[in-house]
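J.: If you're matching positions, the first sequence starts at 351 in my numbering and goes up one per residue.
Before I ask anything, here is the structure I am working with.
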Amino acid sequence: MRQSQLFTKTRKEAPKDEVSKNAQLLIRAGYIHKEMAGVYSYLPLGLRVINNINTIIREEMNAIGGQEVFMSALQDPELWKTTDRWNDDVVDVWFKSKLKAGGEIGFAWTHEEMITRIVSQYLRSYKDLPLFTYHIQNKFRNEMRAKSGIMRTREFLMKDLYSFSRTEEEHEKFYNECAEAYMRIFNRLGIGDKTYKTFASGGAFTKFSHEFQTLADAGEDIVYVNEEKNIAVNEEVLEEADLSEFGVTRDELEKQKSIEVGNIFSLGTKFSEALGLNYVNEEGEEKPVIMGSYGIGPARSMGTVVELLSDEKGIVWPEEVAPFKIHLVEIGGDDEKVRAYADDLYKKLTTANTEVLYDDRDARAGEKFADSDLIGIPTRIVISKKTLESGMIERVNRKTGMVDMVSEKDLLS
RNA sequence: CGGGAUGUAGUGUAACGGCUAACAUUCCCGCUUUGGGAGCGGGCGACUCCGGGUUCGAAUCCCGGCAUCCCGACCA
């Protein structure tokens with residue numbers, strides 16, 4: 351798209367009420383807008399990033415058999431009463447409202463109850479299993495304190511997948527496949543080398559659950575890591591008895607700050623029993639379905655990428671996440687030849703289906719370069735009188751700062 | 001929810017209880033400039049968060065509310 355038509359603009363200074371690096375950079379570059387504490391809107395650049403992240407998540411979830419649905423945000427109190435999770439004393443993050451017609455309504459903070467009821471409408475036989483459903487949708491949580499920019503908000507996008515299995519073995523198999531898919535996702539997001547599948551306490555049905563923790567100074571969580579052994583555990587399972595199961599000792603672990611970018615856990619039959627989600631097995635007996643729940647926050651992941659990969663000049667997006675692949679910057683655009691060439695190149699690139707942001711603004715080079723660094727598109731292409739005279743095109747790598755000259759033909763191929 | 005702090009043009013900052021609320025930036029106009037947020041001139045933009053109070057006089061002091069941030073608690 352042409353940058354002259356992009357309605358957002360960059361700013362030199364971040365609002366004083368933003369302290370976190372992710373929000374400061376994302377606001378300065380025009381990716382997001384803060385509505386109020388813990389509530390952010392996504393602007394054109396930001397939405398493109400979120401969509402890219404969601405695409406990665408979808409591809410990986412589909413690859414392990416996930417079926418995408420889209421569940422409503424508005425929640426039926428009666429449904430939640432069956433699991434005793436409507437009660438404010440049990441769940442303290444509810445946003446609730448009254449219906450004009452009478453009665454109450456809730457805003458979804460998770461979807462176990464809803465998906466279980468939906469699936470129960472269709473699932474009868476062992477032949478229907480296993481089944482994996484997921485959706486990407488807004489969650490609402492009435493947090494006591496929002497903080498850390500887009501990392502901990504009251505309204506946020508979440509991908510949650512729910513698995514339905516016949517046996518523990520079947521459940522375990524998918525659980526592990528999903529964990530592997532999660533690591534592929536974080537690798538593609540560019541934060542894989544800092545992200546650990548972390549042991550956490552399990553709950554009623556399994557001894558352990560897992561969090562995906564990305565080591566970062568901005569993190570709110572604490573994990574204990576052994577990078578060589580590729581093992582991380584959270585505080586809940588720091589007992590020696592647990593640690594010996596993982597093959598580490600306490601003094602081999604280093605305490606580090608981290609961001610929880612995902613989590614997976616076994617639900618056992620808690621929801622299936624509460625909501626009557628049973629299937630008939632080969633012997634004709636009715637059995638409760640074994641469930642699992644698997645979450646990733648796309649917006650929190652976006653914030654984590656910014657926290658980890660930005661530098662003093664601005665954001666540095668990984669290839670797959672970036673809002674555009676190429677930032678085409680023309681300088682000296684009052685020269686008709688430069689303008690015409692840049693226009694033409696823009697046309698060729700977009701025709702070739704390359705996502706390109708074209709800085710066609712009537713601005714000086716310094717301002718354009720500063721903005722380009724701040725916005726953080728991986729590859730910058732510079733067109734100027736100089737490049738025109740050389741017959742080559744200047745290409746700058748945002749991450750490394752490396753500059754090379756390429757021919758138009760090589761660029762387009 | 002406990003503790004602390006802060007609310008002034010879009011943004012960042014200033015202003016002793018006292019003149020028309022100042023400066024920078026953004027934005028608009030003109031000239032100049034043109035490879036790292038250029039320069040000069042002119043201009044637009046503020047019920048100083050809201051409501052009370054004290055005072056001859058309040059951005060400034062007091063009370064209440066609201067909002068935002070930080071620390072803690074909390075956080076499937």
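For glycine and all other residues, C-beta sits at the position ideal for the given N, C-alpha and C.
Because the structure is a prediction, the values reported are computed rather than measured.
What are the start and end residues of the alpha helix (DSSP H) that includes E657?
T.: P648 to L659
J.: Less than 7 Å separating the beta-carbons of F555 and V639?
T.: no
J.: Out of curiosity, what's the CA-to-CA distance linking E561 and G612?
T.: Rounded to whole angstroms, the separation of the alpha carbons of G612 and E561 is 6 Å.
J.: Can you tell me which of the three DSSP states G456 falls into?
T.: The answer is strand: DSSP assigns G456 an E or B state.
J.: List the endpoints of the continuous beta strand (DSSP E) containing N782.
T.: The question about residue 782 has no answer, for the chain in this structure spans 351 to 763.
J.: Count Cβ pairs between the region 396-416 and the region 675-694 that sit closer than 8 Å; are there 3 or more?
T.: no
J.: Taking 8 Å as the limit between beta carbons, can you name the residues of its chain near K359, skipping five residues before and five after?
T.: G380
J.: If we count the other Cβ atoms within 10 Å of its Cβ and call it buried at 16 or more, is E635 buried or exposed?
T.: exposed
J.: Secondary structure at S740, three-state DSSP: helix, strand or coil?
T.: helix
J.: Using beta-carbon positions only, say whether R504 and G645 come within less than 7 Å of one another.
T.: Contact: no.
J.: Would the region 490-501 count as touching the region 424-431 if we require 3 or more Cβ pairs under 8 Å?
T.: By the Cβ test, the region 490-501 is not in contact with the region 424-431, since fewer than three Cβ pairs between them sit closer than 8 Å.
J.: Per DSSP, which residues does H485 bridge with? Please list them.
T.: D510
J.: Measure the alpha-carbon distance for G452 versus I609 and round it to whole angstroms.
T.: 41 Å
J.: Using a Cβ-Cβ cutoff of less than 7 Å, which residues in the same chain neighbour Y691 once the five nearest sequence positions on both sides are dropped?
T.: Cβ neighbours of Y691 within its own chain (closer than 7 Å, five residues either side excluded): I733 and L738.
J.: Would I403 and Y392 qualify as a contact pair, given that the criterion is a beta-carbon distance under 7 Å?
T.: no
J.: Helix, strand or coil: which one does DSSP assign to M641?
T.: strand
J.: Name the two residues that bound the continuous alpha helix (DSSP H) containing N526.
T.: E518 to R538
J.: Ordered along the chain, which non-local residues of its own chain (more than five positions away) have a Cβ less than 6 Å from that of L565?
T.: K544, Q606 and S608
J.: Under 7 Å, do L473 and P648 count as touching if we go by C-beta distance?
T.: no
J.: Which first and last residues belong to the beta strand (DSSP E) in which A550 is found?
T.: T545 to S551
J.: Where does N412 fall in DSSP's three states?
T.: helix
J.: In angstroms, rounded to a whole number, what distance separates the CA positions of D510 and E527?
T.: 15 Å
J.: Does DSSP classify F621 as helix, strand or coil?
T.: The answer is helix: DSSP assigns F621 an H, G or I state.
J.: Touch check for the region 531-542 and the region 453-469: three-plus C-beta pairs under 8 Å?
T.: Per the Cβ contact rule, the region 531-542 is not in contact with the region 453-469 (fewer than 3 Cβ pairs under 8 Å).
J.: In the DSSP output, which residue or residues are listed as bridge partners for E418?
T.: Bridge partners of E418: Y484.
J.: Just curious, the beta strand (DSSP E) that N584 is in, first and last residue?
T.: Membership of N584 in the beta strand (DSSP E) is indicated by the continuous run I581 to N584.
J.: Taking F445 as the reference, which of A423, E463, R352 and D434 has the closest Cα?
T.: A423
J.: When the distance is taken between beta carbons, is G540 closer than 7 Å to V656?
T.: no
J.: Shortest alpha-carbon distance to Y574 belongs to which of E586, L603 and G597?
T.: L603
J.: Hey, could you find the ends of the alpha helix (DSSP H) F555 is sitting in?
T.: Where F555 is concerned, there is no enclosing alpha helix (DSSP H), given that its DSSP letter is neither H nor E.
J.: I'd like the list of long-range same chain contacts for V440, defined as Cβ closer than 8 Å, with 5 residues on each side in sequence excluded.
T.: D434
J.: Is the beta carbon of V756 closer than 7 Å to that of R748?
T.: no
J.: Is the distance from the Cβ of G499 to the Cβ of S370 below 7 Å?
T.: yes
J.: Which of the three DSSP states, helix, strand or coil, is assigned to V440?
T.: Three-state result, V440: coil.
J.: Using CA atoms only, rank isn't needed, just tell me which of P480, R502 and K698 is closest to K384.
T.: R502
J.: Does R600 pass the burial test, meaning 16 or more other C-beta atoms within 10 Å, or should it be called exposed?
T.: exposed
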